[in-house]
Structure formats: structure tokens, C-alpha cells
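A.B. asks: Chains A and U are the protein sequences, given in the same order. Under this note's numbering, the first residue of the first sequence carries the number 1, and numbering increases by one thereafter. Under this note's numbering, the first residue of the second sequence carries the number 1, and numbering increases by one thereafter. Yeah, the Cβ is synthetic: ideal placement off N, Cα and C, and Gly gets one too. Right, I'll just put the structure down here and ask away after.
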Amino acid sequence: MIEVNQITKKYGSYLAVDSVSFQVEKGEILGFLGPNGAGKSTTMKMLSCFITPTSGTASIVGKDILKDPLAVRQNIGYLPESAPSYQNMTVSEFLNFVASIRGFDDREKENRIEGIIGVTSLEEARYQTIDTLSKGYKQRVGFAQALLHDPPVLILDEPTDGLDPNQKREVRNLIKQMSREKAIILSTHILEEMEAVCTRAIIIDRGKIVANGSPADLLKESNMHNVVTMKTKSSPDQSLNDLLVELPGVAGAETEESGDGLFLTRIKPENKADILSEVKSLLSDKKVDIEEIYREKGFMDEVFWNLTHGGRN
Amino acid sequence: MTQVKALIKRELMAYFYSPVAYVFIVIFLLSTVGTTFFLGNFFESNQAGLEIFFLFHPWLFLFLIPAVGMGLWSEERNSGTIELLFTLPVTMLQAVISKFIAGWIFIGIALLLTFPMVLTVWYLGDPDNGIIFTSYLGSFLMAGAYLAITCMTSALSRNQVISFILSVIICFFLVLLGWGVFTNILSQAFPVWLVDVLSSFSFSTHFKSISRGIIDSRDLIFFLSIICGGLLINAVILDAKKAN
Ligand SMILES: Nc1ncnc2c1ncn2[C@@H]1O[C@H](COP(=O)(O)OP(=O)(O)O)[C@@H](O)[C@H]1O
Ligand SMILES: [Mg+2]
């Protein structure tokens with residue numbers, strides 16, 4: 001539903017987005033990740049036809065953003081960063097305005113506004129002017145505006161920014177509920193958020209895509225991927241350590257105190273291979289008393305760091 | 001068309017939701033009526049007509065109209081709502097025209113509220129209603145021209161005060177070119193034909209001409225082309241600056 005083809009944006013001579021290409025299908029929630037200034041918002045502004053790309057193009061439900069921007073806008077719900085809206089209107093006036101612009105007749109308008117106020121839980125705020133609302137409610141108004149016409153494509157720029165944990169949870173649930181029928185792109189710099197809601201993530205750094213895959217795929221890039229962690233009450237003795245290291249596929253093992261009175265041993269595989277069963281059978285052979293043992297999936301912050309920061313130094 | 005209607009409605013709502021609108025209307029009435037009576041010595045003039053009332057409009061509009069239009073775009077840019085506006089299915093032209101029309105309607109309302117002046121001259125004597133009508137029309141057209149220039153300067157800066165000042169400067173220049181005192185000075189230094197050409201670019205020249213009671217197509221074309229030109233430049237500026 002979204003096809004981005006070598007899209008590029010220059011501000012003067014500054015290359016903000018550099019030849020970015022990707023696709024998003026119906027049912028996907030694509031997380032757009034990257035440090036501040038990476039070019040996330042700029043890319044989204046191009047897709048929503050607010051600014052025109054310097055080169056390259058994209059199409060949304062088959063409509064080209066350069067040739068047919070109005071049709072693209074009709075098919076997109078866009079939530080700009082920090083959810084701007086007309087502050088001196090009430091919520092219902094504002095939604096009425098958006099509905100009129102979207103061309104609904106009076107009855108349709110009423111139905112849609114009624115529906116969307118329910119979906120975004122804005123009932124209490126309905127007749128309040130927007131500038132008197134809390135940050136969370138303002139964000140909901142932004143959502144309501146973007147969802148009013150039930151668009152096939154949603155572009156959300158930092159939808160949970162500035163919300164408290166409960167509100168974040170609500171917004172994430174809302175996004176997940178809607179995802180079946182839509183293609184959604186959301187930007188965030190919160191890694192847990194990406195892992196919690198996205199079916200796929202693109203990491204962008206200095207205008208370029210540096211990774212594109214499911215959260216599980218990205219985690220495979222972590223140095224901790226498939227490391228086996230075990231917790232024991234007493235520090236494993238040297239002979240056990242030697243035996244672990246001698247196991248085929250094991251690169252090394254290190255023990256440290258884990259802080260809760262337990263000892264934590266990390267057994268590192270060669271080439272991120274899966275060594276859990278080998279380790280487990282050795283441990284049961286030796287009748288080692290273990291509190292806990294598991295395979296690490298990897299750490300997203302480390303992956304993110306390596307892709308976006310490590311490369312810089 | 002539905003878009004234009006919705007945009008105009010929103011803009012008018014924004015005017016009337018703010019107390020500034022009412023303050024503006026009061027100032028508008030006080031200054032237009034005040035200048036007539038105090039500066040223009042309306043009663044002593046012994047004329048049952050509104051010439052004196054309209055005489056001051058080019059000067060008063062210099063400040064009044066930029067005050068109406070200065071926020072039209074700078075406010076959108078400042079609050080970020082411009083990003084919302086231009087990701088809705090709205091074209092640049094629709095947006096530019098709607099804002100302008102909304103501001104013009106607002107000024108039109110203020111102008112209509114000066115009707116007690118008309119009642120006064122009707123009461124005092126037997127004025128030429130044709131002249132009153134064309135003078136109002138001229139005043140409204142001239143206000144439109146000022147407003148188009150203000151729309152343009154409003155797109156230039158996120159800061160309303162800067163928009164206001166720029167607009168006052170440009171409009172002042174366009175009024176000055178046709179002001180008798182100034183054209184007299186000019187004609188001492190330049191040939192008459194040049195002074196005439198310069199003053200034909202002035203608001204006051206064309207406004208004076210319409211207020212004499214004859215609607216000349218040249219005056220209409222002048223004001224309408226200032227309006228179209230201003231709005232066109234407005235759109236170009238906005239397109240270049242909207243994302244900054
Ligand atoms: N209107 C603009 N003019 C000049 N530079 C800009 C403009 N908008 C963004 N930039 C620059 O482009 C880069 C990318 O910005 P942005 O897309 O907002 O990043 P992100 O959303 O990932 O934090 C930043 O370095 C920013 O300073
Ligand atoms: Mg951003």
C-alpha cells in the first residue's frame with residue numbers, strides 16, 4: 001500500500017533524507033526509528049505531501065505523491081509531530097471542520113464524529129476548547145482528526161511522545177487494533193515501543209536506512225543474541241567453567257554477581273549459534289543446581305547503538 | 001468549494017472567538033468616525049455627504065487592515081497547524097483564497113457597521129446615494145488590496161509584528177505615491193508623465209477616483225490586480241516557506 005522509491009530531501013546543501021526506499025503492506029505496522037535529526041519526520045512529511053522531495057517519489061495506495069497529492073491526502077491519516085490543532089476551537093468544532101474539509105455531508109459528519117470520539121475516548125472533552133486540554137487529550141484530538149475518514153494508510157509521527165505510561169499503553173492498543181485493515185507507519189525513538197507494537201522496523205540514521213526487518217530480526221544483530229544466561233546460588237567453580245567453554249560451539253563464559261544474591265553466568269556461543277540444549281544437558285549431567293537459565297534474545301538498545309552511533313566513532 | 005466554505009468558516013470563527021476582534025471593530029468605528037468629526041470638521045463643512053468620512057480611509061487602513069491580516073499565515077506557521085492544513089485535501093490556492101476572503105468579510109462587517117454615518121447624512125440633508133455607494137465599494141476594494149498585501153507579508157514571517165510592520169511599509173508607500181502633497185514634491189524633481197505613472201500605482205489615486213461616484217474599469221482592474229498579485233505572491237512565498 002505504501003511504496004517509497006529513492007526518496008531524497010535536501011535542505012539547502014544539507015541532505016536530510018538520502019535515497020530512502022521501502023514498502024509497507026496492509027496489516028503491517030512499520031516502526032520508523034532513528035536518533036533525533038535522523039530524517040524520520042522529513043520522510044513522513046514527504047509521504048503526507050506536506051513537502052515535496054528533492055528527488056525520488058512514493059506512492060500511497062497506487063497514487064503518486066508528486067502527480068496526485070490530493071488523492072494521496074484523501075487516503076492518508078496523518079498525525080504530525082506534537083499533534084498541532086486549532087487551539088481556540090472546541091474538540092467538536094475542530095473535528096467538524098476536518099470533516100467538512102474531508103467533504104462529508106451533515107449526516108455522515110455527525111456519524112463519523114460520534115464514532116471517532118468514542119474510539120479515542122474524547123467524550124468528556126468534547127465541548128472544551130483544545131488549548132485547555134492536557135497533552136494526552138490533545139494527542140487524542142490529533143488521532144481523532146487522522147482517523148476520521150477511516151483512511152487505508154496511517155502516518156503517525158511520534159504518536160506517544162509526551163504521554164504518561166497509561167496513555168502510551170492506550171495509544172499502542174489503539175494502533176494495534178486498527179492495524180489489520182491498514183498500513184501504518186509510526187516513528188518513535190522509544191525502542192520498547194517499537195518492540196511492543198511494530199511488525200517491522202526501519203532504522204534510519206543521518207538520512208539513510210541502516211536496518212530494515214522485524215524486531216526479532218534486528219535482535220539477531222545484537223552481540224548478546226543467543227547468549228545463554230544462567231543464575232546460580234553459588235559461583236560456578238573453575239572446572240565447570242572449563243567444561244562449559246569446551247562444549248562445541250561455545251566461545252566463552254563469564255560470571256558476575258547479579259545483585260540479587262545470585263551469580264550470573266553468561267555463556268557466549270560462537271557465531272550466535274543456539275547452544276541452550278547443549279549447555280542444559282551438561283548442567284544436568286553435572287547435577288549443577290541452577291535457579292534460572294534462558295537464551296538471550298539480544299538487546300535492542302545495543303543494536304540501535306551499533307547501527308546509529310558506534311559507526312560514527 | 002466545500003473546502004473553501006469550511007476554511008472561510010473556520011477563519012471567521014477564529015476571528016470572532018477572540019476578544020481582539022471586538023476590540024478591533026470598536027477601534028475601527030471610533031477611528032473612522034472620530035477622524036470625520038474631529039480632524040475633518042464634519043459639522044462645519046456644511047455638507048450632507050460622506051466625502052470627509054472616506055477621505056481618511058487610505059490612512060486609517062494603513063494600520064487597521066494589517067492588524068486584521070497579520071496573523072492569517074504567521075499564526076498557522078507559528079503553531080504548526082500549517083502542517084495539518086496542507087496535509088488535508090486542500091490546495092494551496094483554496095487555502096490562500098479562503099484566508100483572504102475570510103479577512104475581507106471581517107473587514108466588510110466592520111465597514112457595514114459604520115452605517116450610522118449614512119443615517120446621519122440622510123438625516124442632515126439630501127446626499128448623493130450613488131456617491132455613497134461607490135465610496136463604500138471603493139473603500140472595500142481598497143481594503144481588499146491592503147489585505148492581500150498583508151496576507152503576503154503574513155506568509156513571510158512567523159512573527160505577526162514583523163508581518164504587520166512590513167505590510168504597513170508597503171501600503172504606506174502605495175498610499176504616498178498618490179498623496180497630493182507628495183506628488184507635488186515629486187513633480188518638482190521629475191517630469192509630469194513620470195509622476196502620473198507613479199501615482200497611477202497608488203491606492204489613493206484610484207480610491208479618490210471611485211469615490212467621485214463613477215466606477216471606472218481602470219480602478220476596478222487596479223484593485224483586483226493588486227489583490228490577485230498579492231495572493232499569488234502569497235502562495236509562492238508560502239510554498240517556499242511553509243516547512244521552515
Ligand atoms: N525546514 C528545515 N530546514 C532545514 N533543515 C531542516 C528542516 N527540517 C528539518 N531539518 C533538518 O533535517 C534533519 C532531519 O530532521 P527530522 O526529519 O525532523 O529528524 P527526526 O524527525 O528524525 O528527528 C535535521 O538535521 C534537521 O535539523
Ligand atoms: Mg521528528
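1. Out of curiosity, what's the CA-to-CA distance linking Ile226(U) and Ile203(A)?
2. Among the residues of its own chain, which have a CB less than 7 Å from the CB of Phe54(U), if the five just before and after it don't count?
3. Ligand 1 and Tyr14(A): does any heavy atom of the ligand fall closer than 8 Å to the residue's C-beta?
4. For Tyr78(A) versus Ser48(A), is the C-beta spacing smaller than 9 Å?
5. What are the boundary residues of the alpha helix (DSSP H) that Asp239(U) is part of?
6. Could you check whether the Cβ of Thr42(A) sits closer than 8 Å to any heavy atom belonging to ligand 3?
7. So with Cβ pairs under 9 Å, would you call Val98(A) a contact of chain U?
8. What number of angstroms, rounded off, separates the C-alpha of Ile184(A) from the C-alpha of Phe32(A)?
9. Would Trp104(U) be called buried (16 or more neighbouring beta carbons within 10 Å of its own) or exposed?
10. Any beta carbon of chain A sitting closer than 9 Å to that of Met13(U)?
11. Is there contact between the segment 181-196 of chain A and the segment 110-126 of chain A, where contact requires at least three CB pairs shorter than 8 Å?
12. Flag Gly103(A) as yes when its Cβ comes closer than 8 Å to any non-hydrogen atom of ligand 1, and as no otherwise.
13. What's the C-alpha gap between Ser214(A) and Cys198(A)?
14. Quick one: which unbroken alpha helix (DSSP H) runs of 4-plus residues sit fully inside the segment 183-208 of chain A? Chain order, please.
15. For Phe157(A), write down the residues that DSSP places opposite it in a beta bridge.
16. With a threshold of 9 Å between beta-carbons, can Gly12(A) be considered close to chain U, or not?
17. Along the chain, where does the alpha helix (DSSP H) containing Leu174(A) start, and where does it finish?
18. Along chain U, which residues have their Cβ under 8 Å away from the Cβ of Pro80(A)?
19. Who are the Cβ neighbours of Ser167(U) in its own chain at under 6 Å, not counting the five residues just before and after it?
20. Whose CA, out of Pro248(A), Glu254(A), Glu292(A) and Glu256(A), lies closest to the CA of Ile275(A)?
21. Going by DSSP, what residues sit across from Val250(A) in a beta bridge?
22. Can you name, in chain order, every residue of its own chain whose Cβ lies under 7 Å from the Cβ of Gly142(A), other than the five neighbours on each side?
23. Ligand 2 heavy atoms versus the CB of Asn96(A): any closer than 8 Å?
24. Counting C-beta neighbours from all protein chains within 10 Å, is the total for Lys5(U) 16 or more, i.e. buried, or is it exposed?
25. Quick check on the DSSP output: the beta strand (DSSP E) that includes Tyr127(A) runs from which residue to which?
26. Is Met300(A) buried or exposed, if buried means 16 or more other CB atoms sit within 10 Å of its CB?
27. With 16 other CB atoms within 10 Å as the buried threshold, where does Asn313(A) fall?
28. Please go through the same chain and pick out, in chain order, the residues whose beta-carbon is closer than 8 Å to the beta-carbon of Ala58(A), but skip the five residues on each side of it.
29. Which one of Met117(U), Leu124(U), Tyr146(U) and Ala145(U) has the shortest CA to CA distance from Phe133(U)?
30. Thinking C-beta only, is Asn96(A) closer than 9 Å to Ile130(A)?
31. Note down, in chain order, each residue of its chain lying with its Cβ closer than 6 Å to the Cβ of Thr183(U), except the 5 sequence neighbours on either side.
32. For Pro89(U), does the count of other Cβ atoms within 10 angstroms reach 16, so buried, or fall short, so exposed?
33. Tell me the residue span of the beta strand (DSSP E) that contains Gln74(A).
34. Secondary structure at Lys97(A), three-state DSSP: helix, strand or coil?
35. Closer than 7 Å by C-beta to Val121(U): which residues in its own chain qualify, once you throw out the five before and the five after it? Chain order, please.
36. In chain order, what residues of the same chain have a beta carbon less than 7 Å from the beta carbon of Asn223(A), not counting five sequence neighbours either side?
C.D. replies: To lay it out plainly:
1. 50 Å
2. Ser135, Ser139 and Ser211
3. yes
4. yes
5. Ser217 to Lys241
6. The model on display carries ligand 1 and ligand 2 but not ligand 3.
7. yes
8. 10 Å
9. buried
10. Yes, Met13(U) counts as interfacial toward chain A.
11. no
12. no
13. 8 Å
14. 191-197
15. Strictly speaking, residue 157(A) in this sequence is Asp, with Phe absent from that position. According to DSSP, which records beta bridges pairwise, Asp157(A) is partnered with Ser187(A).
16. So no, Gly12(A) is outside the interface.
17. Pro165 to Met178
18. Gly80, Glu83, Leu84 and Thr87
19. Hits under 6 Å: Pro66, Ile149, Thr150 and Thr153.
20. Pro248(A)
21. Pro269(A)
22. In the same chain as Gly142(A), and ignoring 5 residues on each side of it, the C-beta atoms closer than 7 Å to its own belong to Leu79, Ala83 and Ser85, in chain order.
23. Result no, Cβ not under 8 Å from ligand 2.
24. exposed
25. Here Tyr127(A) belongs to no beta strand (DSSP E), and DSSP marks it neither H nor E.
26. buried
27. Reliability of the predicted coordinates at Asn313(A) is poor, the pLDDT of 47 falling under 50, and no value is obtained from them.
28. Ile2, Glu3, Val4, Asn5, Ile7, Met46, Leu47, Asp64 and Ile65
29. Met117(U)
30. no
31. The answer, listed in chain order, is Val195 and Ser199.
32. buried
33. Gln74(A) -> not in any beta strand (DSSP E); alpha helix (DSSP H) instead, spanning Pro69 to Gln74.
34. One detail in the question is off: residue 97(A) reads as Phe in this sequence, not Lys. Phe97(A): helix per DSSP, three-state reduction.
35. Ala48, Gly49, Leu50 and Pro127
36. Glu302
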